[in-house]
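Student: Residue numbers (UniProt numbering), protein chains in the order written: chain D, 1 to 481; chain S, 1 to 481. Here a beta-carbon is modelled for each residue, glycine too, at the ideal position from N, C-alpha and C. Please read these numbers as outputs of a predicted model, since none were measured by experiment.
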């Protein structure tokens, strides 16, 4: 009979230790002892553009006052970007969110032409801030470097990327007369002239998408590799936006969110990846590779834990193929803990983690076991594209990128209304206007400290989480190229 | 070095043999010889409600004239349903589409109360009509039987289905005081009162959805099982609609389509499952279970076949994690045939089949090989729900269900405009009005035979495929309960 796994659910993300090397998530912790001695890859800090003195850095960790931090008035972020952040209400020592806003250039190794690239990233760490810090320092560079590899293709935006390249990167043409396999058109098998040479056309846009997707994978591999030399604690959700040649590419791996607010209308630019939204992918993996479940978990979902005495009775269930529910007769195997368990913010994979995509987490294990969570987590983002040149944008049209601390307490609609009404009262020439809008959003979502905790004006509980938010004007292009 | 698979693409679906037992798809054909001798499960025929004489049945297979068949004026389909069908332009001997329209009752084994159930199904067969005929005769009964098992729950629609049932079907309550494992609330680990007993609430609607999903699986299992005693050729796409207690449940496995036309607005009620729409699911399976690819196929997608001399060069690719494209250096392994290949109507799984969900196809193999396609096909439908009681419907508001022959040549918008303008000129009390609308749709999509084939009024090529269509009034409920 399978051993009943511990019924105690793990906290969403176990508390971190400063600069810690995992050991969080209550886990057995991979290489354990040895890793403790390794130096951190980067020391804990806040984003460089906040330009914090050691005193201010200390002040930023004040859980009792939870100050909302913004760049100073004399700091200009690229693209007039607005930014604000706030620490959680004591759930971790340090702010596990990180952020990055950079202007870079894509250029060929030979040649002088360079294409400007803007990058914004929010990284929501868990079980330590290590992975979030590393990703906030390196992801944009990996994306830039990979785009440099295709710089010569970006310079000819009117031309579709060649299917095949030689080693030095120049297009390679097959001789379709001589070498190419001609295929029979299956719809006209009797017509000897109906031969076709199938070749898909790939757009430059989808090549950039793929480049960003692969940069996320490279980032995740790099974290894993560097763990042999450095302490890189935990994992992180990563939401990145890239501006390149008039298009915004928004890549999301985790439960952060980006929305565009245009004319006070909300346009979702990301979707969240959680045990609930990715249930079928996770169940499918557990079904196809049961050895990953370590004999402790069942890929079938049940609405609650099953008890021994319920053997032989019928219980509601759903498997990886189902969206609805059915009844099944309970067998011994079903007494294992469900791979996906819990609802909403309490939903977990293997009773351990509440997000299903992100970077890091290579050592994460199920509590008191040797079962790795990582195979179920994906580091691959979903990328959406917004063509800035397709629309006319006013100064109050923005993209908001925020970690889940924001969206847990403030809906898309509320964010849009707050930002729109704030900006409409704000001098369009004030260089701080988008930062002030970001600050306003955070004050609303954090709330104020009352006797019964941090409360919103409507007396609902404010966010107890770290919150990081970018407010990015869509007319930004006019100021910088 | 892997053997290069044959570069000749298979026709979308190979021509059938009447009452044939596979052997289509050029395939090696499973149990082959023995199966040939088995009797068909059901003899070939057209839907019973067409009430065809042997002469008319013969006439229905006239590829030269392609008559549009409808029920006679004195035949009343349940729910005033309109219906029409037409055979293809010679690609198969017989019409491989099948249809079913039935009124049934859900009742408890004990008890007199019965709940009316309406069923509509269109089944688009390939490589023979066997699977489509079996599904059109049995699927609705399987759904009805499974609903009977939960009839006592349907009778109390206000109450959520119990999580657990005893063997005889009555709710089973665990004693939450004594037996239930209390779980610690991870968000308040220090508050001893903050224990919660997680239990998901499942709606009756999602129980009906799950019941339909599982009936599709049961249907597929049954076809496999009956193949030992009968000849059941090919496979079929299945699109089914169930009306139960004021809601329409639309279940789709394949590339047929259902839309609702309300006030001349189009509401999609299904999505199609093809090698292109399901690329990532199929690649994921091939990646996790490479043995299913038989050393002939690669799960990586390339925009065209790779040639031997391109080894070492870089080619565009995407794997199961990617939506965009990237370049990869070509290795020996990449010379295998891509699992997914081709575009649009020519896209294939393993160069063999152009749809990725449906019933049957258990013996389907890659041409000249022993590689089974079935593990990549899914018999599980996607179910969407439309609540009829939520809207006011006029006599011209309908649901249209059609096989891909319709949608390949006529867009959703064109179908909506055609139906709306046809019905608005039609007496609302004419019992034939929905059948006449269906007939009109088919005439438009089939076209007329000219020197250069079947042509639409705009001279584009008409559908060469079988077409089957239901036009179902949404006010139907008023006539029947």
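1) Note down, in chain order, all residues in the region 159-172 of chain S with a beta-carbon under 9 Å from any beta-carbon belonging to chain D.
2) For residue 200(S), decide whether its Cβ has a neighbour in chain D, counting only Cβ atoms nearer than 8 Å.
3) Within the same chain, show all residues whose beta-carbon is closer than 8 Å to that of residue 205(S), passing over the 5 residues directly before and after it, in chain order.
4) Quick one: give me the first and last residue of the beta strand (DSSP E) that residue 454(D) is part of.
5) By a C-beta neighbour count over all protein chains shown, 10 Å radius and 16 as the cutoff for buried, is residue 311(D) buried or exposed?
6) Mind listing which residues of the region 331-347 of chain S have their C-beta closer than 9 Å to chain D's C-betas, in chain order?
7) Measure the C-alpha to C-alpha separation of residue 409(S) and residue 442(S) and round it to an integer number of angstroms.
8) For residue 56(D), is the classification buried or exposed, using 16 other Cβ atoms within 10 angstroms of its Cβ as the cut-off for buried?
9) Between 267(D), 215(D) and 252(D), which lies nearest to residue 259(D) when the distance is taken from Cα to Cα?
10) Against chain S, which members of the region 283-294 of chain D pass a CB distance test of less than 9 Å?
11) Output, in sequence order along the chain, the residues in the region 218-246 of chain S whose CB is closer than 9 Å to any CB in chain D.
12) Strictly by DSSP, which residues pair up with residue 365(S)?
13) Can you have a look at residue 448(S) and say buried or exposed, based on whether 16 or more other CB atoms are within 10 angstroms of its CB?
14) Using only alpha-carbon positions, find the residue among 269(D), 371(D) and 348(D) that is nearest to residue 304(D).
15) Using CA coordinates, which residue listed in 156(D), 399(D), 151(D) and 306(D) is at the minimum distance from residue 211(D)?
16) Restricting to Cα atoms, I'd like to know which of 168(D), 163(D) and 460(D) is closest to residue 174(D).
17) So with Cβ pairs under 8 Å, would you call residue 268(D) a contact of chain S?
18) In chain D, which residues lie less than 9 Å from residue 278(S) when you measure between Cβ atoms?
19) Determine, for residue 439(D), whether the minimum Cβ-Cβ distance to residues of chain S falls below 8 Å.
20) Nearest CA to the CA of residue 415(S): which residue from 313(S), 425(S), 398(S) and 153(S)?
21) Count the other C-beta atoms from every protein chain shown that fall within 10 angstroms of the C-beta of residue 439(D), then say buried if there are 16 or more, exposed otherwise.
22) Is residue 450(D) buried or exposed, if buried means 16 or more other CB atoms sit within 10 Å of its CB?
23) Do the region 249-256 of chain S and the region 242-257 of chain D make contact, defined as three or more Cβ pairs closer than 8 Å?
24) Could you tell me whether any Cβ in chain S is nearer than 8 Å to the Cβ of residue 451(D)?
25) In the structure shown, what three-state DSSP assignment does residue 108(D) receive?
26) Residues of the region 100-122 of chain D with a CB closer than 8 Å to any CB of chain S: list them in chain order, please.
27) Report the CB separation of residue 139(D) from residue 121(D) in whole angstroms; it is logged as a contact under 8 Å.
28) What residue does the alpha helix (DSSP H) around residue 82(S) start on, and which one ends it?
29) State yes or no: is the C-beta of residue 223(D) within less than 8 Å of the C-beta of residue 118(D)?
30) So, are the CB atoms of residue 134(D) and residue 41(D) less than 8 Å apart?
31) Spell out whether any CB of chain D is found under 8 Å from the CB atom of residue 214(S).
32) Using the C-alpha atoms, what's the distance from residue 237(S) back to residue 301(D)?
33) Return the chain-ordered list of same chain residues with a C-beta closer than 6 Å to the C-beta of residue 31(D), the five sequence neighbours on each side being excluded.
34) With distance defined between alpha-carbon atoms, name the residue in 53(S), 49(S), 316(S) and 147(S) nearest to residue 85(S).
35) Spatial neighbours of residue 378(D) within its chain, please: CB distance less than 6 Å, with the 5 preceding and 5 following residues excluded, ordered by chain position.
36) Below 7 Å on C-beta distance, what does residue 322(D) contact in chain S?
Tutor: On the basis of the supplied data:
1) 161, 162, 163, 164, 165, 166, 167, 169 and 172
2) As a working note, residue 200(S) is residue 200 in the second chain. Output row for residue 200(S): interface = yes.
3) As a working mapping, residue 205(S) is identified with position 205 in the second chain. Cβ neighbours of residue 205(S) beyond the five flanking positions: 247 and 385.
4) If you number the first chain from 1, residue 454(D) lands on position 454. 453-455 is the extent of the beta strand (DSSP E) around residue 454(D).
5) Against the first chain, residue 311(D) aligns to sequence position 311. By the 10 Å Cβ count, residue 311(D) comes out exposed.
6) 341, 342, 343, 345 and 346
7) Position 409 of the second chain, counting from 1, holds the residue named residue 409(S). Position 442 of the second chain, counting from 1, holds the residue named residue 442(S). Straight-line Cα distance between these residues: approximately 11 Å.
8) Residue 56(D) sits at position 56 when you count from the first residue of the first chain. Residue 56(D) comes out exposed.
9) Within the first chain, numbered from 1, the residue matching residue 259(D) stands at position 259. Measuring from the Cα of residue 259(D), the nearest candidate turns out to be 267(D).
10) 284, 285, 288 and 289
11) none
12) Numbered from its first residue, the second chain carries residue 365(S) at position 365. In the DSSP output, where bridge partners are listed per residue, residue 365(S) has 372(S).
13) Against the second chain, residue 448(S) aligns to sequence position 448. It is exposed - the Cβ of residue 448(S) has fewer than 16 other Cβ atoms within 10 Å.
14) Taking the first residue of the first chain as position 1, residue 304(D) is located at position 304. Residue 304(D) has its Cα closest to that of 348(D), out of 269(D), 371(D) and 348(D).
15) What you label residue 211(D) is simply residue 211 of the first chain in a count that begins at 1. When only C-alpha atoms are compared, the closest one is 151(D).
16) Counting from 1 along the first chain, the entry for residue 174(D) is found at position 174. The shortest C-alpha separation from residue 174(D) is found at 163(D).
17) The residue you call residue 268(D) lines up with position 268 of the first chain. Chain S contact via Cβ: absent.
18) To locate residue 278(S), count along the second chain from 1; it is residue 278. Simply none; closest approach about 13 Å.
19) Working through the first chain from its first residue, we reach residue 439(D) at position 439. With 8 Å as the cut-off, residue 439(D) does not count as an interface residue toward chain S.
20) Counted from its first residue, the second chain places residue 415(S) at position 415. Checked all of 313(S), 425(S), 398(S) and 153(S); the closest Cα to residue 415(S) is 398(S).
21) Locating residue 439(D) in the first chain gives position 439, where the first residue counts as 1. Answer is buried; the Cβ neighbour count reaches 16.
22) Residue mapping note: residue 450(D) aligns to position 450 of the first chain, counting from 1. Exposed.
23) no
24) Along the first chain, one-based indexing puts residue 451(D) at 451. By this cut-off, residue 451(D) is not an interface position.
25) In the first chain, counting from the first residue as 1, residue 108(D) sits at position 108. It is coil, neither helix nor strand.
26) none
27) Within the first chain, the letter at position 139 stands for residue 139(D). Within the first chain, the letter at position 121 stands for residue 121(D). At roughly 6 Å, the Cβ-Cβ gap stays under 8 Å, so residue 139(D) and residue 121(D) are in contact.
28) Indexing the second chain from 1 puts residue 82(S) at position 82. Not the alpha helix (DSSP H): residue 82(S) falls in the beta strand (DSSP E), residues 82-86.
29) Residue 223(D) sits at position 223 when you count from the first residue of the first chain. Residue 118(D) sits at position 118 when you count from the first residue of the first chain. Against a cut-off of 8 Å, the Cβ pair of residue 118(D) and residue 223(D) comes out as no contact.
30) Within the first chain, numbered from 1, the residue matching residue 134(D) stands at position 134. Within the first chain, numbered from 1, the residue matching residue 41(D) stands at position 41. Closer than 8 Å, so yes.
31) For the purposes of this step, residue 214(S) is taken as residue 214 along the second chain, with counting starting at 1. Judged by the 8 Å Cβ criterion, residue 214(S) is in contact with chain D.
32) To locate residue 301(D), count along the first chain from 1; it is residue 301. To locate residue 237(S), count along the second chain from 1; it is residue 237. Distance between the alpha carbons of residue 301(D) and residue 237(S): 28 Å.
33) As a first step, residue 31(D) must be located in the first chain, where it is residue number 31. For residue 31(D), the pLDDT reaches just 39, beneath the cut-off of 50, and the residue's location in the model is therefore unreliable, although a value from the coordinates is still provided. Taken in chain order, the list of residues that qualify is empty.
34) Stepping through the second chain from its first residue, residue 85(S) is reached at position 85. If we check each option's Cα against that of residue 85(S), 49(S) comes out closest.
35) The residue labelled residue 378(D) in the question sits at position 378 within the first chain. For residue 378(D), where only same-chain residues beyond five positions count, the Cβ hits under 6 Å are 357.
36) Numbered from its first residue, the first chain carries residue 322(D) at position 322. Simply 210 and 213.
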